[in-house]
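Enquirer: With the sequence shown counted from 1, adding 115 to any position gets you my numbering.
Cβ atoms here follow ideal geometry from the backbone N, Cα and C, with glycine treated the same way.
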Amino acid sequence: MATRVGRSLLLALVVDAAVQVAFFAVSAAAGRTEVLFDLSGALTYLACVVVTALVPDPFGGGGAGEDEGSGAVRSLAVRQIIVAVFVVVWCARLGGFLFVRVLRTPDKRFDGLKKNFLAYSVPWALQIVWIYLTALAAFIVISNSSAKQAPLGWSDGIGIVIWVFGFMVETVADTQNGVPILEKSSERRYGNLPEYQRYKAVTSTFFLWPPKKLTHTVPSVDVVPEAPEGP
Numbered sequence: 116m117a118t119r120v121g122r123s124l125l126l127a128l129v130v131d132a133a134v135q136v137a138f139f140a141v142s143a144a145a146g147r148t149e150v151l152f153d154l155s156g157a158l159t160y161l162a163c164v165v166v167t168a169l170v171p172d173p174f175g176g177g178g179a180g181e182d183e184g185s186g187a188v189r190s191l192a193v194r195q196i197i198v199a200v201f202v203v204v205w206c207a208r209l210g211g212f213l214f215v216r217v218l219r220t221p222d223k224r225f226d227g228l229k230k231n232f233l234a235y236s237v238p239w240a241l242q243i244v245w246i247y248l249t250a251l252a253a254f255i256v257i258s259n260s261s262a263k264q265a266p267l268g269w270s271d272g273i274g275i276v277i278w279v280f281g282f283m284v285e286t287v288a289d290t291q292n293g294v295p296i297l298e299k300s301s302e303r304r305y306g307n308l309p310e311y312q313r314y315k316a317v318t319s320t321f322f323l324w325p326p327k328k329l330t331h332t333v334p335s336v337d338v339v340p341e342a343p344e345g346p
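1. CA-CA distance, D153 and A192?
2. With DSSP as the reference, label V150 as helix, strand or coil.
3. Enumerate in chain order the residues of its own chain whose CB-to-CB distance from S258 is below 7 Å, with the five nearest sequence positions on each side excluded.
4. Are A234 and A157 closer than 8 Å when you measure CB to CB?
5. Give the DSSP-derived three-state secondary structure of G156 in the structure shown.
6. To the nearest angstrom, report how far apart R347 and V256 are at their CA atoms.
7. Count the CB pairs spanning the region 145-152 and the region 204-223 that are closer than 8 Å, and state whether there are at least three.
8. According to the neighbour-count rule (16 or more other Cβ atoms, all chains shown, within 10 Å of its Cβ), is I197 buried or exposed?
9. Relative to the alpha-carbon of Q264, which residue among S190, A140, G146, A127 has its alpha-carbon at the smallest distance?
10. Taking Cβ positions, are V200 and A162 nearer each other than 8 Å?
11. Assign L191 to one of three DSSP states: helix, strand, or coil.
12. Among V136, G211, V164, which one has its Cα closest to the Cα of A250?
13. By how many angstroms is the C-alpha of T159 removed from the C-alpha of M283?
14. If we count the other Cβ atoms within 10 Å of its Cβ and call it buried at 16 or more, is L248 buried or exposed?
15. Taking just the CA atoms, how far does T290 sit from F232?
16. Could you pull out every residue in the same chain whose Cβ sits closer than 6 Å to the Cβ of G210, ignoring the five residues on either side in sequence?
17. If we count the other Cβ atoms within 10 Å of its Cβ and call it buried at 16 or more, is L126 buried or exposed?
18. Which residue comes first and which comes last in the alpha helix (DSSP H) that contains P238?
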């Protein structure tokens with residue numbers, strides 16, 4: 116029998132795929148545009164965090180646990196709130212920045228993909244996998260029972276410091292340049308973080324997501340199957 120955490124992670128995957136498919140359908144119908152691609156990614160992160168944080172027990176399987184309270188919305192421990200807020204703040208800032216940028220400067224990476232429907236669908240399919248895997252540690256932290264969360268410790272402090280550092284660097288780099296990421300061009304002028312700006316998508320993966328794994332301490336993990344309820 117799957118645990119409540121497993122069902123919550125399954126719900127996150129379902130929401131992830133559903134949001135991406137919906138935005139893909141709209142974008143394809145609108146001439147295979149890339150305008151909504153990055154925005155859809157940010158909104159998908161947000162939707163997945165919301166459902167894992169608030170839905171007590173998706174797909175049934177035993178009802179609310181000891182941490183769910185009397186209502187239909189879960190109660191969260193401090194660690195879970197911190198992780199959820201980090202994801203929401205990050206995706207809101209980056210998603211907004213990328214959406215404004217693509218409105219001003221079309222994403223040339225899609226030029227060749229627009230000619231073929233299957234080719235155009237590939238980035239959207241990959242984004243489903245990318246979103247789920249990068250945020251999986253955060254989903255696990257948030258999905259676990261708040262009653263089983265250990266007190267905040269040194270690993271949480273390290274994770275918070277690393278995340279704040281990565282978020283600040285990413286924000287400053289975007290503010291200094293405001294140019295498409297991962298595009299190498301000798302004609303572009305970079306600010307004080309040139310190398311970081313060129314590889315921001317890769318670097319942010321190491322600075323903004325692993326810290327959430329540091330907050331996922333062993334005492335907070337629910338990895339054993341739930342005991343069957345009595346008659």
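Expert: Let's see:
1. 30 Å
2. coil
3. Here the set comprises V120, S123, L124, T167.
4. no
5. helix
6. An answer regarding residue 347 cannot be provided, because it is not within the stretch 116 to 346 covered by the chain.
7. yes
8. buried
9. S190
10. no
11. coil
12. V164
13. 22 Å
14. exposed
15. 34 Å
16. L154, A157
17. buried
18. 232-258
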